[in-house]
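Structure, as structure tokens:
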Amino acid sequence: MTNSVPPTPPIDQPTWQQPPPARPQLRRSGTDRMIGGVAGGLAEYSGIDPVLWRVGFVGLTIAGGAGFVVYLLLWALMPAGPLPEGEEPSPLEQFVAGIHARLSGRPTPPA
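For what it's worth, our numbering labels the leading residue of the sequence shown as 173, then goes sequentially.
Laid out in structure tokens, this is it:
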């Protein structure tokens, strides 16, 4: 038996040993939006192209109307992401923010 010192691990660990990057918070997109930013927010969160999310919502809407209902629910339940610099929320966006605040129990954001 020998009393040898075990080798030190390398400083740069392989990528499979590093922790996964932090997943972004699920929010409606402030930049990638056509109607409410739901598809853009889902795309940022999941890494799936927003066009595929939009096609999925349209397909569900044509197949029975569920896509429209799911989109509206997500629009009301998902918090809004930050808007680009200098852009103000539209009156519809302020209305949805009020609905989100009432549903989540948070105070209504200032207009």
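All C-beta atoms in this analysis are idealised placements derived from N, C-alpha and C, irrespective of residue type, glycine included.
Rounded to whole angstroms, the gap between the alpha carbons of residue 197 and residue 236 is 30 Å. Taking 9 Å as the cut-off, the Cβ atoms of residue 204 and residue 194 do not count as close.
About 6 Å separates the CB atoms of residue 248 and residue 268; that is less than 8 Å, so the two are in contact. For residue 231, the enclosing alpha helix (DSSP H) stretches over residues 222 to 234. Going by C-alpha positions, residue 202 is about 58 Å away from residue 176.
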